[in-house]
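Undergrad: What follows is a structure written as structure tokens; I'll ask about it next.
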Amino acid sequence: MSDNTRNIRDPFSSLTGHIEREREALHLSEKGDDIGAMQMSRHVLRTRLYHADVPPHISSIDIANSHTALARILQKIIGKLRGVNANLHNKYRAEASTNYYAAWEITRTQEAWNLYTNV
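So for the sequence shown, the numbering used here puts the first residue at 25; every next one is plus one.
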């Protein structure tokens, strides 16, 4: 299978552009387009999670940072939804909590590994 065919069939075959997408998410969030920023951050997170196991590999701290970035954008959306739509508010609050927990767990595991390897 040629590289071009692989890229068409596998949307996560390359990390090219994930940094630009992350910057775009930040820019969208600053402009007030939190939904667009959330979608862009989710894409970056999916790409990084995919490359946790598939080359080119990415560090677990980068994955934790993506979880945190997505959770922060969700927190901004939650702030705007107060009293407007309880279902969306609860959905995004649960997703933000899950992402914060995932980031904390990755960071805690990385710190424990660093302590273990430096003993």
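Here a beta-carbon is modelled for each residue, glycine too, at the ideal position from N, C-alpha and C.
Keep in mind that this is a model prediction, so the values were computed, not measured.
Do residue 123 and residue 105 count as a contact pair if the criterion is CB distance below 8 Å?
TA: Locating residue 105 in the sequence shown gives position 81, where the first residue counts as 1. Locating residue 123 in the sequence shown gives position 99, where the first residue counts as 1. Not in contact: residue 105 and residue 123 (Cβ atoms no closer than 8 Å).
Undergrad: What are the start and end residues of the alpha helix (DSSP H) that includes residue 146?
TA: With the chain covering 25 to 143 only, the question about residue 146 has no answer from this structure.
Undergrad: Which residues bound the alpha helix (DSSP H) around residue 81?
TA: Taking the sequence shown and counting its residues from 1, one reaches residue 81 at position 57. Where residue 81 is concerned, there is no enclosing alpha helix (DSSP H), given that its DSSP letter is neither H nor E.
Undergrad: Pull up the distance between the alpha-carbon of residue 98 and that of residue 115, whole angstroms please.
TA: In the sequence shown, counting from the first residue as 1, residue 98 sits at position 74. In the sequence shown, counting from the first residue as 1, residue 115 sits at position 91. Their backbone Cα atoms lie some 10 Å apart in a straight line.
Undergrad: Among the residues of its own chain, which have a CB less than 6 Å from the CB of residue 101, if the five just before and after it don't count?
TA: Within the sequence shown, the letter at position 77 stands for residue 101. Here the set comprises 58 and 116.
Undergrad: Are the beta-carbon atoms of residue 158 and residue 42 separated by less than 8 Å?
TA: Coverage of the chain is limited to positions 25 through 143, which leaves residue 158 absent and any answer about it impossible.
Undergrad: Taking the alpha carbon of residue 66 as the point to measure from, which residue in 128, 131, 120 and 130 has its own alpha carbon closest?
TA: The residue you call residue 66 lines up with position 42 of the sequence shown. It is 120.
Undergrad: Going by C-alpha distance, which of 56, 86 and 55 is nearest residue 70?
TA: Within the sequence shown, residue 70 is the residue found at index 46, counting from 1. Of the listed residues, the one whose Cα sits closest to residue 70 is 86.
Undergrad: When the Cα of residue 63 is compared with those of 129, 107, 139 and 91, which residue comes out closest?
TA: Taking the sequence shown and counting its residues from 1, the one referred to as residue 63 is at position 39. Looking at the Cα atoms, 91 is the closest of the given residues.
Undergrad: Three-state secondary structure (DSSP) at residue 159?
TA: The requested residue 159 does not occur in the structure, where the chain is confined to residues 25 to 143.
Undergrad: For residue 112, collect the residues of the same chain with a Cβ closer than 7 Å to its Cβ; drop the 5 residues on either side in sequence, then sort them by chain order.
TA: Counting from 1 along the sequence shown, the entry for residue 112 is found at position 88. In chain order, 105 place their CB closer than 7 Å to the CB of residue 112, counting only its own chain and leaving out the 5 sequence neighbours on each side.
Undergrad: Which residue marks the beginning of the alpha helix (DSSP H) containing residue 123, and which one marks its end?
TA: In the sequence shown, the residue the question calls residue 123 occupies position 99. It spans 110 to 141 - the alpha helix (DSSP H) in which residue 123 sits, taken as one unbroken run.
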